[in-house]
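Asks: Okay, handing you the structure first.
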Amino acid sequence: RDQWIGWGTQARQQNRGKVIGLSRFLIRSELHVRHLASQCYGLVLRQVTGDWQARYGVKPVLVETYVDRVRHHGRSLAAANWRRLGQSKGRGRDDRRRQHPRSLKDVWVYELHSKARAQLQACTVEVLAPRSVFAPALPEDWAEEEMAGVALGDQRLNERAQRMLRHRWARPANSFYRSFGSASEAKGAYQLVENPRYEINLASLLAPHQQQTARRMAAESVVLLAQDTTALSYNSLRQTTGLGSLGEGHSRGLFLHSLQAFRLDGLPLGTAWAEVWARPPQSDTARRNEQSFDEKESGRWIRALQAASQRARQMPQTQVVVCGDRESDIYELYDQIQAAPRNVHLLVRGQHDRCLSDGNRLMASLASVAADGLLSVKVPRREGRPARTATLELRWQAVELLPPAVALKKSWPPLKVYAVLAREVGAPAGAPSIEWLLLSTWPVKTLKMARRLVRWYALRWGIECWHKVLKVVCGVERRQMKSAQALERALALDMIIASRVLLLTRLGKEHPDLPAELFYTPDELEVLGVKKKRQRNTLRTPS
């Protein structure tokens, strides 16, 4: 239920009084009246809002209940338009004798208000102070700024983490041990990543960087948050604990899912959110249609959207576009965006030819719309094919998606989105033609907006570049540590480094005339000056 609502800790504390728990519902066995239960639900739910507010002074927006799967099926709830979210494991009040130690209980909710989730997510937040990525450098170095306020449970550990980031930045391509200037510094770094303190984790190490990323986002009018997953292979670490299967033979490692923030010119602003996990050895795909999304790996797409929504409330002046590839084309994501703040939008590349409420299929419906414009896009070289310019014809329309006809979601409501089909015309022989089906909650009513969405989706490639920097430049897959926890802690620092490397690389291409003093210290500029002079002399020397 909490995952479906999408509220954070603060919102839950402020708004949980607006959720009513339905504990008992009994109809005597001798009564046989058709649709009696669903009619009773309707009568009660129409009355309870006013009565509850009059009695307790709180206006409820949601009712929840649980159905024990051992005894009941919840058909009357479905008939009364309740929504089944998934399963909760635990004992019910009828199980005092522990007769069913693993009884499954379905979680059902009924929205008393059409914007129930949005109201439950609402809470008092502090608006962020914007700081542009082009702002003048502060007196302290960037590593100190990116780790300001880190809380690891001990001030000495906080200072150690700052020094570790500074050392890793000085030698990002080195192994973890050789990143540090002395054996004592290296020993201290290993002690931190292996420290038993629970406060030291990916979230706490990234929190200051995420705060600075949010401030850079707040300085923009529109920001794209690209989310994606990458596999981190540690196949050679046979003795390392906590790793899981990567689904590729006997490959072992971890998965990283993150939100990377980008300006509309492609400049990276940093990591807005991330999580790391190891896949369990047992697969449960056989019952995935009965699972709520928080039980599935695909729940990461929704958690990322919820994290983006919580940040967006701190920057009401910024439009936040959460972007995902074909794997993020899941119905729960479109459902969750309905409860997001008004400045959060979704942009997804579709992979499913979904059913529409008018009886048509999505692709057939778009194909019936006349192409209303063209767009030229640059296609980078890839897999032995040269770079080229592609011409795309654009079609778009508003559509209403029907939920998948599976047990858990078949009673969910249809959802309205905007669909854009970008299809290449005149593709060269031997080159695969481009075809993007984009689904968005941003209104698309003009050719200009359709073109804009296609260009925005093209920015998603930036997260793939960030993955490459993380693996090739920072060498995160070359780490050799005893536990997945230690690998995760070291990874947090490299994620910050990768964002910085990608930013400086892109600045050189997009804004070559910017003064270098904005991003480099005097010592770094002196080193770069010497290197440039040596390169110039090398070019002048005759062979």
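Going from the sequence shown to the working numbering is simple: count from 1 and add 8. Heads up, the beta-carbon is just placed ideally off N, CA and C, and yes, glycines get one too.
With a CB to CB cut of under 7 angstroms and the five nearest residues on each side skipped, what residues in its chain are close to residue 399?
Replies: Excluding sequence neighbours, residue 399 sits near 382, 384, 432, 433 and 434.
Asks: For the beta strand (DSSP E) holding residue 473, just list the boundary residues, first then last.
Replies: From DSSP, residue 473 is part of no beta strand (DSSP E) but of the alpha helix (DSSP H) over 469 to 476.
Asks: What does the alpha-carbon distance come out to for the pair residue 123 and residue 117?
Replies: A straight-line Cα-Cα distance of about 14 angstroms links residue 123 and residue 117.
Asks: Helix or strand or just coil, what does DSSP make of residue 424?
Replies: strand
Asks: Since residue 444 is in the beta strand (DSSP E), which residue starts that stretch and which ends it?
Replies: 443 to 448
Asks: Scan the region 35 to 82 and note each continuous alpha helix (DSSP H) run of 4 residues or more that stays entirely inside, going in chain order.
Replies: 44 to 64
Asks: Taking a contact to mean a Cβ-Cβ separation below 8 angstroms, would you say residue 223 touches residue 125 in this structure?
Replies: Contact: no.
Asks: Could you round the C-beta distance between residue 250 and residue 286 to whole angstroms and report it? I think they count as a contact, below 8 angstroms.
Replies: 6 angstroms
Asks: Within 8 angstroms, do at least three Cβ pairs link the region 335 to 344 to the region 356 to 376?
Replies: yes
Asks: List, from N- to C-terminal side, the alpha helix (DSSP H) runs of 4 residues or more that fit wholly inside the region 504 to 549.
Replies: 530 to 548
Asks: If you run the structure through DSSP and keep just helix, strand and coil, what is residue 265?
Replies: strand
Asks: Please work out which residues of its chain come closer than 8 angstroms, Cβ to Cβ, to residue 510, disregarding the five sequence neighbours upstream and downstream, and give them in chain order.
Replies: 276, 470, 473, 474 and 477
Asks: Residues in the same chain with beta-carbon distance under 6 angstroms from residue 16, minus the five sequence neighbours each way, listed in chain order, please.
Replies: These residues qualify, in order along the chain: 318.
Asks: Distance check for residue 78 and residue 35, CA to CA, integer angstroms please.
Replies: 18 angstroms
Asks: What separation, rounded to the nearest whole angstrom, lies between the Cα atoms of residue 227 and residue 270?
Replies: The alpha-carbon atoms of residue 227 and residue 270 are separated by roughly 12 angstroms.
Asks: Given that a residue counts as buried once 16 or more other Cβ atoms are within 10 Å of its Cβ, and exposed if not, what is residue 65?
Replies: exposed
Asks: Alpha carbon to alpha carbon, how far is residue 92 from residue 28?
Replies: Looking at the two C-alpha atoms, the distance is approximately 16 angstroms.
Asks: Can you list, in chain order, the residues of its chain whose CB lies under 8 angstroms from that of residue 551, leaving out five sequence neighbours each side?
Replies: The predicted model places residue 551 with a pLDDT of 49, which falls under 50 and marks its position as unreliable, so this point remains unresolved.
Asks: Cβ of residue 281 within 8 angstroms of Cβ of residue 234?
Replies: no
Asks: Cβ of residue 458 within 8 angstroms of Cβ of residue 374?
Replies: Taking 8 angstroms as the cut-off, the beta carbon of residue 458 is found no closer than this to the beta carbon of residue 374.
Asks: Kindly identify the DSSP beta-bridge partner or partners of residue 272.
Replies: Paired residue(s): none; residue 272 is not in a bridge.
Asks: Mark residue 154 as exposed unless 16 or more other C-beta atoms lie within 10 angstroms of its C-beta, in which case mark it buried.
Replies: Label assigned to residue 154: buried.
Asks: Is it a yes or a no for the region 130 to 146 touching the region 458 to 468, going by three-plus beta-carbon pairs under 8 angstroms?
Replies: They do not touch, by the three-pair rule.
Asks: Do you know offhand how far residue 315's Cα is from residue 348's?
Replies: 10 angstroms
Asks: Assuming contact is defined by CB atoms lying nearer than 8 angstroms, are residue 183 and residue 486 in contact in what I supplied?
Replies: yes
Asks: Which same chain residues, not among the five before or five after residue 13, have their C-beta less than 6 angstroms away from its C-beta?
Replies: 125 and 128
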